[in-house]
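Below: the structure, in structure tokens.
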Amino acid sequence: MAKREYTLPVDAASAREALRSSCALVKRSQIDDALFRRPDNVSARLRRQDTVTRLSCTNPGTLAEPPETGVLDYQACSRVLELAGFKPVDRVKFKRETWRYCQYLLHLDQTEVLGDYLTAEAEAGTASPHAFRRQVLKSLKNLGILPLEPNACPVDKQDVYGVDNHSKLPYT
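Each position in the sequence shown, counted from 1, maps to that position plus 138 in our numbering.
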């Protein structure tokens with residue numbers, strides 16, 4: 139089933155404290171994302187998460203179920219992408235803590251360069267993007283987590299405001 143995500147900038151230390159008091163820690167990960175783009179703006183992501191590498195589409199608005207597959211050889215896959223016309227455009231390394239709260243998986247990410255973010259992920263369901271955003275913000279407020287920018291629009295999706303904000307946070 140399709141997932142919906144909403145990502146906001148947060149202070150990692152205060153968010154972690156709030157999560158510890160009400161949520162179950164599911165997993166800690168080290169992630170290294172290599173992002174590729176072709177001249178026609180088709181994008182791909184090669185993600186090494188702990189000991190597993192996956193290749194995926196990073197254009198969430200283009201497909202209902204973006205394709206993703208496991209990769210055995212990171213270097214070989216990178217070379218195949220280049221041979222297929224993709225050029226490396228960005229690399230993001232970060233630490234992720236995944237927490238469970240009600241119907242959400244909450245990913246607390248600390249990137250080396252971009253700052254700290256919290257992503258709420260849930261089944262898409264029938265709620266509109268605006269309703270999903272309200273639900274997420276209400277749940278985060280109940281946990282005591284407030285975004286660093288109170289009126290921030292999502293930084294990684296275009297389905298809420300019709301604006302392509304994907305380039306602000308390329309790794310999600």
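Virtual Cβ for every residue (Gly too), placed ideally from N, Cα, C. Keep in mind that this is a model prediction, so the values were computed, not measured.
Cβ distance (whole Å) where residue i is taken to contact residue j below 8 Å
{"i": "glutamate 155", "j": "alanine 258", "result": "At roughly 18 Å, the Cβ-Cβ gap does not stay under 8 Å, so glutamate 155 and alanine 258 are not in contact."}
{"i": "aspartate 171", "j": "arginine 183", "result": "6 Å"}
Residues near residue i in its chain [Cβ-Cβ closer than 7 Å; skip 5 each side]
{"i": "valine 274", "result": "Tyr144, Ala258"}
{"i": "alanine 265", "result": "Gln273"}
{"i": "serine 216", "result": "Ala172, Leu184"}
{"i": "isoleucine 283", "result": "Val148, Ala153, Ala156, Leu256"}
Residues near residue i in its chain [Cβ-Cβ closer than 6 Å; skip 5 each side]
{"i": "glutamate 250", "result": "Lys231"}
{"i": "aspartate 254", "result": "Val148, Ala150, Gln248"}
{"i": "valine 227", "result": "Leu173, Arg175"}
{"i": "arginine 234", "result": "Ser167, Ile169, His245, Asp247"}
{"i": "arginine 229", "result": "Ala172"}
Sequence-distant residues of the same chain with beta carbon closer than 8 Å to residue i, five excluded per side
{"i": "valine 164", "result": "Thr236, Trp237, Arg238, Leu243"}
Check whether residue i and residue j have beta carbons under 8 Å apart
{"i": "arginine 175", "j": "tyrosine 212", "result": "no"}
{"i": "aspartate 188", "j": "serine 160", "result": "no"}
{"i": "leucine 157", "j": "leucine 281", "result": "yes"}
{"i": "alanine 153", "j": "leucine 246", "result": "yes"}
{"i": "alanine 141", "j": "glutamate 261", "result": "Here the sequence assigns lysine to residue 141, which means alanine is not the residue at that position. Against a cut-off of 8 Å, the Cβ pair of glutamate 261 and lysine 141 comes out as a contact."}
Option nearest residue i by Cα separation, candidates the options
{"i": "glutamate 206", "options": "Leu193, Ala214, Cys215", "result": "Leu193"}
{"i": "valine 190", "options": "Val209, Cys215, Lys276, Arg234", "result": "Val209"}
{"i": "serine 181", "options": "Cys240, Gly263, Lys225", "result": "Lys225"}
8 Å Cβ cutoff, residue i in contact with chain D
{"i": "aspartate 211", "result": "Included in the structure is just one protein chain, with no chain D present."}
- [ ] Would you list, in sequence order, the uninterrupted alpha helix (DSSP H) runs of no fewer than 4 residues that lie entirely inside the region 196-283?
- [x] Here the runs fully enclosed are 212-221, 267-281.
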